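Participant: Residue numbers (the UniProt record's numbering), protein chains in the order written: chain A, 1 to 520; chain B, 1 to 520.
Number of protein chains: 2
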Amino acid sequence: MIGNRHGRVLTRRALLDGVAAAGGARAVIATLAALGGLPATPTMAAAPALPREARRVLVVGGGIAGLVAAWEMRRAGWAVRLLEAAPRAGGRCMTLRRGDSVQEIDGPVQRVAWPEAPHLYFNPGPARIPHHHGGILGYCRALGVPLEVLVNENRAALVDAPGGPVPLRRVQADLRGLVSELAVKGLGAGGLALPLSEEDLVRLKEALRFWGGLDAELRYRGTSRAGWAEPPGAGLAPPRPNPPLDPRVLMSPAPWLAAGFAEGIDYQATMLQPVGGMDRIAAGFARVLGDVLVTGAGVLALRRVEGGARVTWRGADGAVRQEVAPQVLVALPAPVLAGLDTDLSVERQAALRALHYSGAAKLAFHARRRFWEEDAAIYGGISWTGRDATQLWYPSHGFHAEGGVLTGAYIWDDDVAARFAALAPEARGAVMAADGEALHPGYAAEVAAPVSVAWGRMPRARGAWAEWTAAQRARDYPLLRAPEGPYHFAGEHLSWFIGWQEGAVLSAWNALEGLAKAQG
Amino acid sequence: MIGNRHGRVLTRRALLDGVAAAGGARAVIATLAALGGLPATPTMAAAPALPREARRVLVVGGGIAGLVAAWEMRRAGWAVRLLEAAPRAGGRCMTLRRGDSVQEIDGPVQRVAWPEAPHLYFNPGPARIPHHHGGILGYCRALGVPLEVLVNENRAALVDAPGGPVPLRRVQADLRGLVSELAVKGLGAGGLALPLSEEDLVRLKEALRFWGGLDAELRYRGTSRAGWAEPPGAGLAPPRPNPPLDPRVLMSPAPWLAAGFAEGIDYQATMLQPVGGMDRIAAGFARVLGDVLVTGAGVLALRRVEGGARVTWRGADGAVRQEVAPQVLVALPAPVLAGLDTDLSVERQAALRALHYSGAAKLAFHARRRFWEEDAAIYGGISWTGRDATQLWYPSHGFHAEGGVLTGAYIWDDDVAARFAALAPEARGAVMAADGEALHPGYAAEVAAPVSVAWGRMPRARGAWAEWTAAQRARDYPLLRAPEGPYHFAGEHLSWFIGWQEGAVLSAWNALEGLAKAQG
């Protein structure tokens with residue numbers, strides 16, 4: 001795979017030596033995977049088998065869905081061209097580093113001014129991969145994209161609560177204790193609709209005691225799970241745990257939310273991230289696609305014609321080009337497709353326009369000092385600000401390194417995101433820096449050089465992810481995912497994994513099944 | 001620090017370039033830290049300030065406690081010599097790789113026969129660092145030891161339960177649901193000893209609903225937190241969560257234990273590990289200590305003499321040597337010190353002999369295929385076998401790489417450990433391979449080349465960690481941590497952080513305080 005584009009064949013050993021010199025051990029491991037010692041198909045899931053015959057397909061949109069589809073067709077020997085409007089592949093799978101720039105609709109150009117270092121990057125779109133997303137993980141494996149752990153839940157992270165921020169460990173331990181103590185009472189009140197023997201009951205109470213951190217009387221009176229008031233040392237005095245928080249502090253919404261969110265199936269440990277940035281996945285696809293991928297190619301129109309469909313686009317050089325293909329795979333976000341000049345059915349166009357996309361937004365800061373590690377022993381994970389910034393993400397990599405990039409806001413509530421999006425980039429930075437003060441006193445002086453992305457204002461996405469209503473799911477989803485004449489469709493919105501790269505992968509596979517069945 | 005031992009001074013840039021060529025970006029980050037751009041003192045805790053005057057101290061035992069003490073004294077300009085019996089520093093902080101060997105008392109030599117690769121290593125001693133262990137983490141930072149996340153709790157890991165193994169996610173979700181539903185009943189029975197308004201009660205029930213994954217009727221009827229019976233795809237059918245497990249399955253001990261263990265203060269996320277093996281910490285100390293550290297120096301006797309104490313040791317060349325120092329810091333595990341020829345007080349010797357050490361044991365396998373990732377999407381974390389092997393640890397690094405080293409047993413129950421230790425190394429491998437079959441069918445055929453360490457049989461440790469009884473803590477702990485004439489003492493057992501490197505660090509700091517006060 002590597003080197004083939006230049007017609008050269010390297011020996012495995014020579015290649016590995018070169019990779020080791022350039023990128024170290026991790027790069028060697030990655031390359032070994034890419035060299036095909038490992039299977040090229042995903043782990044827990046698999047792309048559909050495509051007929052190995054002469055087919056020609058144009059793919060519009062080089063996000064994950066388009067990349068996956070183009071690569072699978074290319075591997076089957078089909079003649080494929082993938083048109084991507086941006087200068088780089090990936091779509092919302094994007095990473096920002098020194099020298100990169102972002103421009104929202106009607107917004108100024110934001111340039112990333114952080115120092116250049118492998119650990120100083122920001123993923124404004126997808127930033128984590130659940131371990132059970134076998135499609136996207138399989139491509140990481142096949143493309144030799146090295147992965148590392150992303151810390152999603154960190155018990156040292158902070159939660160805004162009445163009276164001031166508290167470490168998540170106190171919230172988790174005290175909630176668990178409170179709920180378990182209540183459960184013991186519920187058990188006494190015959191709460192379990194099961195025939196229980198006396199022995200069962202004893203065992204269940206013992207289990208509840210351990211699980212909840214209760215004392216011998218099955219009461220919650222605090223535990224070291226909540227951290228130390230007096231930490232263990234090497235002195236004579238034994239350590240002393242934190243006393244329980246006032247239950248009314250725990251009953252406010254932020255603590256419950258913070259304590260429950262990482263239970264979600266897509267938020268549970270282990271979560272992963274590509275080493276060096278999420279765009280390493282898109283870059284991996286771009287590498288293997290070679291000249292199949294045409295960047296800077298902004299599609300203007302789609303028309304059904306004799307022999308398929310005609311795609312009109314403006315190339316990177318400004319020239320308008322056209323191509324007719326028997327089949328066209330449209331892998332664009334719904335709001336972008338809705339805005340194109342197409343001859344799609346009236347029903348489809350209406351459904352595309354009606355599908356609401358989240359306006360979710362993120363902002364990153366550079367910090368010269370990793371104050372979250374130095375001052376608060378926070379290594380990765382997420383704090384809850386209780387303000388517009390919503391979440392604050394600490395990097396799960398570059399521990400103890402020189403400086404870091406902090407996600408200073410991750411906002412998904414549409415009203416809050418609209419408020420954020422309406423601000424100029426500099427004002428966003430000022431407001432988010434102030435929000436961080438609620439958790440880290442002195443924060444505003446520690447962070448600098450904000451860069452933000454409000455997805456609703458990004459010209460080639462016009463939203464972060466689809467948000468189906470139940471009625472739309474029943475009526476419009478079957479319509480939008482079905483092919484229409486020469487047109488086929490893919491994208492995270494055409495799956496049940498909304499907002500995840502896995503959805504883009506699975507929708508691409510679904511579209512490939514349709515393409516395989518279509519007349520070439 | 002780097003290069004100084006050879007009298008050369010490199011420019012910062014030249015050094016970093018060299019490091020980048022040899023070790024890649026992570027090594028550069030690590031080197032930046034070691035170069036002193038970062039403070040040399042730990043983050044959340046600090047070593048005591050030592051008087052900068054001519055002092056001479058002999059340190060016996062080059063585990064973490066001895067290394068920390070020797071380095072701090074060296075930094076203060078004291079004349080220090082550190083005697084370590086093994087050919088390498090670190091004590092129980094140990095990593096095994098291809099070519100290394102292990103020999104227990106009266107046991108055969110076990111040689112590590114796995115392939116050589118950076119990700120193929122085994123930490124038979126400490127293998128994780130909690131994020132709040134500021135002492136040891138501060139030394140990682142100061143020594144430029146790169147850290148990465150260790151996954152301690154992985155919801156994809158397996159738990160042995162009646163009827164067969166279940167993923168931890170099902171156990172966690174269903175237990176949480178069960179307990180929360182019981183808590184709702186307990187709340188109805190007036191279980192919360194708090195004055196609650198009607199509004200409070202509504203809010204608390206809503207919170208319990210989210211936290212527990214309950215339905216609108218506040219009943220637990222299963223949730224996607226427990227994983228998918230029919231995963232989300234890109235088809236027409238919506239995903240379907242796993243149904244709840246029979247509560248009687250959950251009531252067996254292994255599930256509760258597995259579900260609660262990572263709540264412990266020293267087991268919570270974020271947990272960390274040095275990139276490449278725990279012994280990178282010891283190697284970092286050895287590098288900065290230079291010729292202060294004398295390896296292969298097995299101490300034979302300690303005697304009080306005019307001017308301090310005389311230490312007699314056999315060197316790596318077989319010759320017996322002696323040295324008198326005004327102060328001697330003894331940083332040996334209690335059972336090892338109890339076995340030496342010393343003139344320590346009768347009371348101290350009795351207390352040393354009486355202190356029980358855990359016989360904890362670990363075994364590692366090499367696997368050519370990372371079947372846990374490929375077949376079960378398990379990326380790091382711990383499974384519970386319900387058999388002698390107790391826990392099975394998956395590596396938190398080298399994801400998707402060629403092969404892996406799996407911790408095939410981590411046993412801490414003394415009876416089980418004794419049964420394990422009594423077996424010859426090959427028999428241990430056979431039994432543990434069979435135990436793994438309970439979780440991963442075909443396991444025994446996937447794993448090979450076992451290497452095991454039963455700490456009770458390791459000649460220079462004679463146990464994994466101290467296990468104080470409450471009576472010993474009250475009576476013997478003050479005695480053992482107090483200096484005696486020219487003798488001072490350190491080691492994890494002389495702290496409240498039993499079994500953790502942090503305890504060794506804090507005990508070393510405590511000993512340094514005593515040494516600072518002692519007459520030079």
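Backbone N, C-alpha and C fix where the C-beta goes; we use that ideal spot for every residue, glycine too.
Computed from a predicted structure; not experimentally measured.
Does the separation of the CB atoms of G381 of chain A and T95 of chain A fall below 8 angstroms?
Facilitator: Locating residue 381 of chain A in the first sequence gives position 381, counting from the first residue. Locating residue 95 of chain A in the first sequence gives position 95, counting from the first residue. Not a contact, by the Cβ cut-off of 8 angstroms.
Participant: I2 of chain B by DSSP, collapsed to three states: which one?
Facilitator: The residue you call residue 2 of chain B lines up with position 2 of the second sequence. Low confidence applies here, because I2 of chain B scores a pLDDT of 30, under 50, leaving its location unreliable; read the following figure in that light. Of the three classes helix, strand and coil, the one that applies to I2 of chain B here is coil, per DSSP.
Participant: Check distances from the C-beta atoms of the segment 257-272 of chain B to those of chain A and list, in chain order, the residues that come in under 8 angstroms.
Facilitator: L257, A259, G260, E263, G264, I265, Q268, A269, T270, L272
Participant: Under the assumption that V171 of chain A contacts P255 of chain A (Cβ atoms under 8 angstroms), give the Cβ distance between them as a whole number of angstroms.
Facilitator: Translated into positions along the first sequence, residue 171 of chain A becomes position 171. Translated into positions along the first sequence, residue 255 of chain A becomes position 255. Indeed they touch by this definition, with Cβ atoms about 4 angstroms apart.
Participant: Compare the beta carbon distance of A309 of chain B and A65 of chain B with 8 angstroms and say whether it is the shorter of the two.
Facilitator: In the second sequence, the residue the question calls residue 309 of chain B occupies position 309. In the second sequence, the residue the question calls residue 65 of chain B occupies position 65. No, these two residues do not count as a Cβ contact at 8 angstroms.
Participant: Inspect the CB distances between the segment 349-359 of chain B and the segment 126-135 of chain B and report whether three or more fall short of 8 angstroms.
Facilitator: Contact between the segment 349-359 of chain B and the segment 126-135 of chain B is absent: fewer than three C-beta pairs spanning the two stretches fall below 8 angstroms.
Participant: Could you check whether the Cβ of A173 of chain B sits closer than 8 angstroms to any Cβ belonging to chain A?
Facilitator: Reading the second sequence from its first residue, position 173 is the one you call residue 173 of chain B. Closer than 8 angstroms to some Cβ of chain A, the Cβ of A173 of chain B qualifies, so yes.
Participant: Hey, which unbroken runs of the alpha helix (DSSP H) at 4 residues or more fall wholly within the segment 239-287 of chain B?
Facilitator: 247-250, 253-260
Participant: Would you identify the three-state DSSP class for F122 of chain A, choosing helix, strand or coil?
Facilitator: Within the first sequence, the letter at position 122 stands for residue 122 of chain A. Strand, per DSSP.
Participant: Any chance you could list the alpha helix (DSSP H) runs of at least 4 consecutive residues sitting entirely within the segment 362-436 of chain A, in chain order?
Facilitator: 371-376, 414-421
Participant: The beta strand (DSSP E) that contains V299 of chain A, what's its start and end?
Facilitator: As a working note, residue 299 of chain A is residue 299 in the first sequence. Start and end: 298-305.
Participant: Does the structure place the segment 493-511 of chain A close enough to the segment 225-233 of chain B that three or more beta carbon pairs sit under 8 angstroms?
Facilitator: Verdict: yes, contact present.
Participant: Among B:A448, B:Y487, B:D435, B:V405, which residue has its Cα nearest to the Cα of G164 of chain B?
Facilitator: Here residue 164 of chain B is taken as the residue at index 164 of the second sequence, counted from 1. Of the listed residues, the one whose Cα sits closest to G164 of chain B is B:D435.
Participant: What are the residues that DSSP puts in a beta bridge with H341 of chain B?
Facilitator: Here residue 341 of chain B refers to the residue found at position 341 when the second sequence is read from its first residue. This sequence places Asp at residue 341 of chain B; His is not what is there. Looking at the DSSP assignment, D341 of chain B forms a beta bridge with B:A301.
Participant: Rounded to whole angstroms, what's the CA-CA distance from K517 of chain B to A504 of chain B? Just pull it up for me.
Facilitator: Locating residue 517 of chain B in the second sequence gives position 517, where the first residue counts as 1. Locating residue 504 of chain B in the second sequence gives position 504, where the first residue counts as 1. Approximately 20 angstroms between the Cα atoms of the pair.
Participant: Would you decide whether D341 of chain B is buried or exposed? Buried here means 16 or more other CB atoms lie within 10 Å of its CB.
Facilitator: As a position in the second sequence, residue 341 of chain B is number 341, starting the count at 1. D341 of chain B comes out exposed.
Participant: As a quick exercise: from A:K205, A:E263, A:Y220, pick the residue whose alpha carbon is nearest that of P253 of chain B.
Facilitator: By 1-based counting over the second sequence, the position of residue 253 of chain B is 253. Nearest of A:K205, A:E263, A:Y220 to P253 of chain B, Cα basis: A:K205.
Participant: Would you list, in chain order, the members of the segment 131-143 of chain B that have their beta-carbon closer than 8 angstroms to a beta-carbon of chain A?
Facilitator: H131, H132, G134, L137, C140, R141
Participant: Count the C-beta pairs between the segment 310-319 of chain A and the segment 469-483 of chain A that are closer than 8 angstroms, then say yes if the count reaches three, no if not.
Facilitator: no
Participant: Can you list, in chain order, the residues of its chain with a C-beta nearer than 7 angstroms to that of L515 of chain B? Leave out the 5 residues immediately preceding and following it.
Facilitator: Taking the first residue of the second sequence as 1, we reach residue 515 of chain B at position 515. Closer than 7 angstroms at Cβ, skipping near neighbours: V57, Q327, L329, H488.
Participant: Between which residues of its own chain and D215 of chain B is the CB-CB distance below 6 angstroms, once the five residues before and five after are set aside?
Facilitator: Position 215 of the second sequence, counted from the start, is the residue given in the question as residue 215 of chain B. Taken in chain order, the residues that qualify are R221.
Participant: Does any CB atom of chain B fall closer than 8 angstroms to the CB of P48 of chain A?
Facilitator: Residue numbering aside, residue 48 of chain A sits at position 48 when the first sequence is read from its first letter. No, P48 of chain A lies away from the interface with chain B (no Cβ there is under 8 angstroms from its Cβ).
Participant: Helix, strand or coil: which one does DSSP assign to R26 of chain A?
Facilitator: Taking the first sequence and counting its residues from 1, the one referred to as residue 26 of chain A is at position 26. With a pLDDT of only 35 at R26 of chain A, under 50, the local geometry of the prediction cannot be trusted, and the value read off the model is given with reservation. In this structure, R26 of chain A counts as helix in the three-state DSSP scheme.
Participant: Indicate whether at least one CB of chain A lies closer than 8 angstroms to the CB of S507 of chain B.
Facilitator: Taking the second sequence and counting its residues from 1, one reaches residue 507 of chain B at position 507. Look at S507 of chain B: its C-beta is under 8 angstroms from a C-beta on chain A.
Participant: 8 angstroms is my cut-off, CB to CB: does S101 of chain B come that close to chain A?
Facilitator: Locating residue 101 of chain B in the second sequence gives position 101, counting from the first residue. Output row for S101 of chain B: interface = no.
Participant: Please report the distance separating the alpha-carbon of G188 of chain B from that of G264 of chain B.
Facilitator: If you number the second sequence from 1, residue 188 of chain B lands on position 188. If you number the second sequence from 1, residue 264 of chain B lands on position 264. Distance between the alpha carbons of G188 of chain B and G264 of chain B is about 30 angstroms.
Participant: Would you list the residues sitting across from I129 of chain A in a DSSP beta bridge?
Facilitator: Taking the first residue of the first sequence as 1, we reach residue 129 of chain A at position 129. The partner list for I129 of chain A (beta bridge, DSSP) reads A:L272.
Participant: Less than 6 angstroms between C-beta atoms, sequence neighbours within five positions excluded: which residues of the same chain meet that for P42 of chain A?
Facilitator: Locating residue 42 of chain A in the first sequence gives position 42, counting from the first residue. Confidence at P42 of chain A is low in this model, with a pLDDT of 33, below 50, so the placement of that residue should be treated as unreliable; the coordinate-derived value is given next. The residues are G134, G135, G138.
Participant: Taking CB distances under 8 angstroms as the criterion, tell me whether V292 of chain B reaches chain A.
Facilitator: Along the second sequence, one-based indexing puts residue 292 of chain B at 292. No - not a single Cβ of chain A is within 8 angstroms of the one on V292 of chain B.
Participant: First and last residue of the alpha helix (DSSP H) that includes F489 of chain A?
Facilitator: Within the first sequence, residue 489 of chain A is the residue found at index 489, counting from 1. Counted as a single uninterrupted DSSP element, the stretch harbouring F489 of chain A is not any alpha helix (DSSP H) but the beta strand (DSSP E) occupying residues 487-489.
Participant: D415 of chain A: buried (16+ other C-beta within 10 angstroms of its C-beta) or exposed?
Facilitator: Translated into positions along the first sequence, residue 415 of chain A becomes position 415. D415 of chain A comes out exposed.
Participant: For chain A, is any of its Cβ atoms less than 8 angstroms away from the one on L236 of chain B?
Facilitator: Counting from one through the second sequence, the residue named residue 236 of chain B turns up at place 236. Closer than 8 angstroms: yes.
Participant: Are the beta-carbon atoms belonging to residue 526 of chain B and Q273 of chain B less than 8 angstroms from one another?
Facilitator: Beyond the ends of chain B as shown, which are 1 and 520, falls residue 526 of chain B; an answer cannot be given.
Participant: Alpha carbon to alpha carbon, what distance is there between Y443 of chain B and L245 of chain B?
Facilitator: Reading the second sequence from its first residue, position 245 is the one you call residue 245 of chain B. Reading the second sequence from its first residue, position 443 is the one you call residue 443 of chain B. Answer to the nearest angstrom: the Cα atoms are 25 angstroms apart.
Participant: Helix, strand or coil for H356 of chain B? Go by DSSP, reduced to three states.
Facilitator: Counted from its first residue, the second sequence places residue 356 of chain B at position 356. Here H356 of chain B sits in strand by DSSP.
Participant: Work out the CA separation of V305 of chain B and L344 of chain B for me, nearest whole Å.
Facilitator: Residue 344 of chain B sits at position 344 when you count from the first residue of the second sequence. Residue 305 of chain B sits at position 305 when you count from the first residue of the second sequence. The straight-line gap from Cα to Cα measures roughly 13 angstroms.
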